[in-house]
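Note sheet for the following structure.
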Amino acid sequence: MNNFGDRLRELRQNKDLSIDELVIKLNSTYNTTISKSMISRYENGQSDPKMENVRVIADYFKVSSDFLLGIEENINLDLSSKLNLKDERDIKKELQKMIDGLEGKMDMQRLTEGL
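Spelled out as structure tokens, the structure:
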């Protein structure tokens with residue numbers, strides 16, 4: 001097993017996902033337009049994916065693009081601590097809310113001290 005399609009199929013099957021389920025998860029999580037037929041063509045070696053799709057699929061399965069493309073042979077199975085792009089965006093938003101809240105409290109404190 002060394003091509004993109006074989007690795008994609010193995011990763012998908014290891015998560016017990018049908019092609020339909022994978023497409024739904026990819027498109028909803030990453031706002032992509034990957035189709036069922038695209039995944040099928042990738043897995044059957046009939047089409048090569050665009051690099052953006054490789055990146056999205058690699059991120060979803062928490063593997064490197066190099067692994068998916070067959071450049072890297074080892075897969076790091078201890079990936080539970082890695083975040084996907086959506087997780088990173090959500091954390092960034094929450095942190096910004098906290099910073100904004102703290103800045104607001106500091107402004108209020110300065111105002112009350114000035115009275």
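Just so you know, we're using the UniProt record's numbering here: the sequence shown kicks off at 1 and counts up by one. Every residue, glycine too, gets a C-beta built ideally from N, C-alpha and C.
Nearest in C-alpha terms to S18, of all of S65, F4, S40, is S40. Contact between S65 and R55 holds, with the beta-carbon distance rounding to 6 Å and staying under 8 Å. Given a length threshold of 4 residues, each whole run of the alpha helix (DSSP H) inside the UniProt domain "HTH cro/C1-type" (8-68) is given here in chain order: 19-30, 36-43, 51-61. For I99, the enclosing alpha helix (DSSP H) begins and ends at 85-114.
With contacts defined by Cβ atoms closer than 8 Å, Y42 and L8 form a contacting pair. Less than 8 Å divides the Cβ of G5 from the Cβ of N44. The distance from the Cβ of K36 to that of D20 is about 6 Å, consistent with a contact at the 8 Å cut-off. For T29, the closest alpha carbon among the candidates M108, N53, E10, D16 is that of N53.
Cα atoms of K93 and M106: separation of roughly 20 Å, rounded to the nearest angstrom.
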